[in-house]
Amino acid sequence: MTRPRIDPRASRTEQRVASGENGRRRYDLSSRTASNPIGPPRRDPRQEWAASLIDRPGRRRYDRSQRPVARGGASNVEAARVGSAAEAVSTEPTVRIIEEPAFLVFAFVDAPGGRLSRFDRQVLGGARLLADAGGGGGAVVAIVAEEIDGLGAAGADRVMSLPTNGSASARAAALRAAIETHAPRHVLFAEDGDAADCARRLSVALGEPLFSNVEHLTARQVVRPNRGRRAELAAAPPRLMTLGEDRAKMHAGAPGEARPLEFETAPSDDQAILSVEIIPGDPARLALSETDFVVSAGNGVTDFEGFRELAALMKGTPGASRVVCDAGLMPRGAQVGASGTVLAADCYFALGISGAPQHLQGIAACEQVIAVNTDLHAAMIERAGLAIVQDAQLVMPALIKLLKERQS
Amino acid sequence: MKSVVLLSDARHPVSGRAVLSRLEAQAIGLGTALGGTLTGLHAGDCEDGVQESLGHGLSALDILSLPPEADPVSALTDFLKAQKADLILAGRRGEGGFDSGLLPYALAEALGLPILADAVALTPGEATDTLVVDQALAKGARRRVTVRLPALVTVHPLAPAPLPFAFGAMRRGTIRRHVAEAADASTDPVEERPYRARPKLMRTSSATASAENLHVGPEPEEAARLILDYLESNGIRRYG
Ligand SMILES: Cc1cc2nc3c(=O)[nH]c(=O)nc-3n(C[C@H](O)[C@H](O)[C@H](O)COP(=O)(O)OP(=O)(O)OC[C@H]3O[C@@H](n4cnc5c(N)ncnc54)[C@H](O)[C@@H]3O)c2cc1C
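Same order as they appear, the protein sequences are chains A and B.
Counting along the first sequence from 1, when you hit position 24 you're at 59 in the working numbering, and nothing is skipped either side.
Counting along the second sequence from 1, when you hit position 59 you're at 525 in the working numbering, and nothing is skipped either side.
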């Protein structure tokens, strides 16, 4: 894919043969003396394009994202550029094992519903950064309440399970006991929901200060805003910290082993709490900014009765593109995009939406996108993780029928 | 029932003027809906902002005079012990001060009360001296907790909007001033400097437009099956 950059004049000079006195220059073009390469190696753009071609029959598609995606065949541009395509094919990354950790960093993982959220991954990434600080050797311990997949890939070396009975004070007490036995160097929480609650309970119970809402996290210092973002406080990373959202990078290196770390606590009971009941959100009535799954209609949808029924059956919050809202077919509150709502949802299902830039801005955070569109070249089809080129008016009734079958 | 709303010295995020924090105004709304007597409590030296709370539905306001940088926990504890309130409401974070959100927890510890965070709705429980608190969780879920009073509850921004402001009510409301003993705030060895805005991480999708998942012109039934399988395998929803 790359070859050394040669100075043509220098190599020409090297090929010159000593000639007679009449001074006519003669060259031996067959001699290939290895002249020293100058500068960075030369790229071959054609080969790079060929390597990023996704081998599928039909229309040609290229993956130029340079993301280390494991795709069968040679398609890794980054690896191709380095010229070690053979190494890049080994897709299974080696697990990094820390047998005897020098110190521990606790990361409190909330993961509602057993799925790691972006924020959880960021907290684990921040903990990883602190564990690798100063020569490294630290281990990240993910504190979880239930079984969660993908903790190793998110950077956890150990997993400690602290069972909950729904009471926040019992969980904080269990975590406090764990902190007293294992003496971690840092305990990192998300500045959100139950994690933020637990951090404050611990801070008061341990009598230690809490550095909350960290906006800048490095191994050497942490920074948080103060006085309504007029000032900021900087310090060396203390023991208890809560991290602001989108402030630390997720872990991208070799996965940790996520080995279970046993810890026994006697479950304590909170006398004042009489009953606890979780009420799942009703997607139909949720605000778009709060929901996790949006079913959205664009200009390609004509049957809006059917669309509303579909959104209800799929247990998603209905959304729409601007064209639909302008036409009065859906309320303005349902508009997704730059001038509507910017979603924080995990999954977005777009029916007949072209994917204008203003619309795509609104779904930038969505991890999974499904698109149904008649146009193969629509931007939404390109953005989608599952793209279906088909008439939305045919797919909607089929989906409704299948959902009703599965429910009964 | 006797409830107390804790009012902080909040600052407007743009102008820096003393205002009533929106969370505390929402707390007043929740407390008023519960019925019983509801009063406000502020420890500090700034009356301009907290006075607004009278216009949002409080009938009376107690102010414990403290120097600006003093630690209010001990003064509040002493006062609340004498008050014997059933329910103490607070915002979950301050606005414009240190904003660590620790004060309600420190107060609950000092008073020996249970604390529940992030309330969006309060209803009286079936038994006397109980309260049903709806806590906001991620993705629109709610946790409904029944707690025995007295208790301390902090309010989430998703709670109902505050009651409208009425200037006349603010003028009519009573303000009681008390002298309090100031405890010196703990000196923290943290360096303070002017704020520097730092960019947040971009929210880009991690999923690639993977060509294996492009289906051109499948049968509608097949497309429907693909969509539901995709949703279920990614753990978004379970159907049936
Ligand atoms: C300042 C500004 C701000 C804007 N803000 C927003 C915003 O916040 N949100 C927003 O959404 N837009 C916004 N827009 C508008 C945006 O540029 C687009 O016009 C709009 O998003 C297009 O909506 P659409 O995809 O539904 O419609 P179209 O662009 O008309 O696309 C319809 C799509 O449906 C497909 N289709 C047609 N028939 C079918 C069928 N039977 N089955 C399946 N597919 C079919 C077509 O192939 C096409 O791709 C903004 C524009 C401006 C200038």
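We put the beta carbon where it would ideally sit given N, CA and C, even for glycine.
Alpha-carbon to alpha-carbon, residue j and residue i
| i | j | result |
| --- | --- | --- |
| A:Ala121 | A:Arg59 | The predicted model places A:Ala121 with a pLDDT of 44, which falls under 50 and marks its position as unreliable, so this point remains unresolved. |
| A:Arg444 | A:Gly172 | This structure gives no information on residue 444 of chain A, because the portion of chain A shown stretches from 36 to 443. |
| A:Met349 | A:Gly316 | 14 Å |
| A:Pro39 | A:Arg77 | 6 Å |
| A:Leu434 | A:Arg95 | 30 Å |
| A:Val158 | B:Ser531 | 40 Å |
| A:Val104 | B:Ile702 | Because the pLDDT of A:Val104 is 44, which lies under 50, any placement of that residue in the model is unreliable, and the number read from its coordinates should be weighed accordingly. Distance between the alpha carbons of A:Val104 and B:Ile702 is about 22 Å. |
| A:Ala322 | B:Asn700 | 23 Å |
| A:Val430 | B:Glu687 | 7 Å |
| A:Asp184 | B:Pro570 | 35 Å |
| A:Ser204 | A:Asp145 | 15 Å |
| B:Leu697 | B:Arg704 | 8 Å |
| A:Ser389 | A:Val404 | 13 Å |
| A:Gly118 | A:Gln50 | Below a pLDDT of 50, predicted positions are generally treated as unreliable, and A:Gly118, at 47, falls in that range; no measurement from the model is reported. |
| A:Pro198 | A:Glu181 | 7 Å |
| A:Phe384 | B:Glu647 | 60 Å |
| B:Ala689 | A:Ser356 | 22 Å |
| A:Thr253 | A:Leu165 | 7 Å |
| A:Ala274 | A:Arg235 | According to the sequence as given, residue 274 of chain A is Arg; it is not Ala. A:Arg274 and A:Arg235: Cα-Cα distance of roughly 13 Å. |
| A:Leu378 | A:Asn334 | 20 Å |
| A:Tyr62 | A:Ala85 | 36 Å |
| A:Met195 | A:Leu237 | 17 Å |
| B:Ala627 | A:Arg320 | 17 Å |
| A:Ala45 | A:Ile73 | 10 Å |
Residue i CB to nearest heavy atom of ligand 1 below 7 Å
| i | result |
| --- | --- |
| A:Thr409 | yes |
| A:Val359 | yes |
| A:His394 | yes |
| A:Asp426 | yes |
| A:Ile388 | yes |
| A:Gly363 | no |
| A:Asn334 | yes |
| A:Ala413 | yes |
| A:Val371 | yes |
| A:Gly341 | no |
| A:Ala391 | yes |
| A:Ser324 | no |
| A:Ser374 | yes |
| A:Gly397 | yes |
| A:Ser356 | yes |
Three-way DSSP call (helix, strand, coil) for residue i in this model
| i | result |
| --- | --- |
| A:Tyr62 | strand |
| B:Ser540 | helix |
| A:Ala45 | helix |
| A:Ser204 | helix |
| A:Pro432 | helix |
| B:Lys468 | strand |
| A:Gln425 | coil |
| A:Asp232 | helix |
| A:His394 | helix |
| A:Thr277 | strand |
| A:Ala240 | helix |
| A:Cys360 | helix |
| A:Asn57 | coil |
| A:Glu134 | coil |
| B:Glu575 | helix |
| B:Leu530 | strand |
Contact check, residue i vs residue j, beta carbons under 8 Å
| i | j | result |
| --- | --- | --- |
| B:Thr505 | B:Val539 | no |
| B:Lys468 | B:Ala574 | no |
| B:Ala493 | B:Val621 | yes |
| A:Gln428 | A:Thr337 | yes |
| B:Arg659 | A:Glu267 | yes |
| B:Asp475 | B:Gly563 | yes |
| A:His217 | A:Met276 | no |
| A:Glu226 | A:Asn248 | yes |
| B:Gly495 | B:Phe633 | no |
| A:Ala289 | A:Thr129 | yes |
Residue i: CB within 7 Å of a non-hydrogen atom of ligand 2
| i | result |
| --- | --- |
| B:Ala602 | Ligands present in the displayed structure are limited to ligand 1, and ligand 2 is not among them. |
Where the stretch 619 to 640 of chain B meets chain A: residues whose CB sits under 7 Å from a CB there: Result list empty, no residue passes.
Contact list for the stretch 285 to 312 of chain A against chain B, Cβ threshold 7 Å: Asp305, Ala307, Ile308, Leu309, Ser310, Val311, Glu312
Taking a Cβ distance cut-off of 9 Å, strictly less, list which residues of the stretch 390 to 423 of chain A are near chain B, in chain order. Ile398, Ala399, Ala400, Cys401, Glu402, Gln403, Val404, Ile405, Val407, Leu411, Ile416, Glu417, Arg418, Ala419, Gly420, Leu421, Ala422, Ile423
Could you list the residues in the stretch 262 to 273 of chain A with a C-beta less than 7 Å from some C-beta on chain B, going in chain order? Arg262, Gly263, Arg264, Arg265, Ala266, Glu267, Leu268, Ala269, Ala270
By the 7 Å beta-carbon criterion, what residues does the stretch 678 to 696 of chain B contribute toward chain A? Asn679, Leu680, His681, Val682, Gly683, Pro684, Pro686, Glu687, Ala689, Ala690, Arg691, Leu692, Ile693, Leu694, Tyr696
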